[in-house]
Every structure is written in structure tokens, then in C-alpha cells.
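Numbering (full-length UniProt numbering), first residue to last: 1 to 235.
Here the structure comes first, spelled out in C-alpha cells, and everything after it is commentary.
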């Protein structure tokens, strides 16, 4: 990330609290302390100005003077993220085994298309597990893993949408031939293209400081509206 972008994000972080917050790189005149983490391995944190008060085998300390209305609160919104993804990975392995079993006894176009979508979903979860484990181990992320995982998820959703479109028209259930092939393929290609464009928009516009869900953004709302429109047209 460039220094210009870092400076912009830094300014946004301190927009509301810059009158009291202190940071040696951004706000040297602040009165309230902030700690930069992670700290150097085996050493005190860079901003620790009272090393004699640090508890043994720890890297920094906070003194809470007001127990009824403390100014300093530590909250980790990502507690259990690694465990969550590992459980999700286990569930996907179970789904893969069930799909293999189904494919042995019922090998048709529906199971092949669903298996392809499920395989892409599994790869997305695998990349996500490696990504969060890397962050949990040393605090450093590999953004390429996250992006590749997101692309896998995007195309898995696209294949699953194609399967739903075909099933909505009775493919492999009440008929073997489709009369809406050009229309269905056009809708599917348009859906995939819109999904890719909205993903790029989401990557470019969403603030990296805010941890928000995909469907709390304008691109997420647009893709939901597009899915509803497809459902209305086909039903």
C-alpha cells in the first residue's frame, strides 16, 4: 500500500478523535495513548514509555484509573475466526464426500455441475483458512490468497446460479432439452459479468479500515436486486 493511501487512511482513523489521541507518526500532540501492534518479538512495544510498569514477560501495559467509565477498552472482533474457518472447512469436506457418493450412483449433468460449484467453494475455504492462519501466526497477511479465494467464491456462485437457472426450467428433471438456451446463457453471462464488475467496485471503494459484510455495501445490494430480478423473470 502506498504512502499516500496510508496517510489518507490514517487521517480518516483520527478524524473524530484527533483532539485527544496520540500517535508518534500521526498525532504527536495528542494526550491519550495508543499502542501499535504487533510489537517486536521479545521486546517492548515501540510506544511503551514506562517500561518499569510493564508486567514481566509482557510487552505493554495499560493503567485503568476509572473502573466505572474506563477510557480504554480492548475488544477483538476477530476472536475465533481461525476456528470458524476450520469448522467450515470440515463441513465442506463432508459435503464433498456426500457429493462423491451421490456421483457414484447418480452421475448426470446436474451432479457434475453441482460438484464443480462445490469444488470451487472448497478451494475458496482452503485459501481463506491459509489466509487467516497466516494472520493468526505472525500478524502478516498475504492479500493474494484472499483475492484468489474471493475469485473462487465468485465463480462458484456463478456456477451455482447457472445450475439454479437450468433447474428452474426443468432441465434434467422434466425435460432433457431446453428451449430457452440463448436466453438462459445470456442471463448467466450477464450475471457473471455483473458479479465481476461489482467485486472490482467493492475492492476499490470499500474502506479497508471498516470490517463490513459484502451485503452491507452498494455492490452487494445491487447483486441481490439482480438475483431477485432474475427470479421474477424466470418464475
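All C-beta atoms in this analysis are idealised placements derived from N, C-alpha and C, irrespective of residue type, glycine included.
Contact between residue 166 and residue 145 does not hold, since their C-beta atoms are separated by about 32 Å, which reaches or exceeds 8 Å.
A Cβ-Cβ contact shorter than 8 Å links residue 118 with residue 99.
Pairing residue 161 with residue 191 gives a Cβ-Cβ distance under 8 Å.
Rounded to whole angstroms, the gap between the alpha carbons of residue 170 and residue 150 is 30 Å. Contact check for residue 147 against residue 134 fails: the beta carbons are separated by 8 Å or more.
If you draw a straight line from the Cα of residue 231 to the Cα of residue 40, it comes to about 54 Å.
The beta-carbon separation of residue 124 and residue 153, rounded to 4 Å, stays under the 8 Å limit for a contact. The C-beta of residue 221 has fewer than 16 other C-beta atoms within 10 Å across all chains shown, which makes the residue exposed. The residue among 205, 94, 233, 201 with its C-alpha nearest the C-alpha of residue 187 is 233. The closest CA to that of residue 128, considering only 140, 11, 85, 228, is found on 85. Check the Cα spacing between residue 103 and each of 80, 158, 115: the tightest is with 115. Take residue 136, set aside five residues on each side of it, and the residues of its chain with a beta-carbon closer than 8 Å to its own are 81, 82, in chain order. Residue state for residue 117 is assigned as helix, using DSSP reduced to three classes. Annotation: the continuous alpha helix (DSSP H) that includes residue 199 extends over 181-205. Scanning 159, 87, 94 for the CA closest to the CA of residue 113 turns up 159. Each of 111, 110, 122 was checked against the Cα of residue 91, and the nearest Cα belongs to 122.
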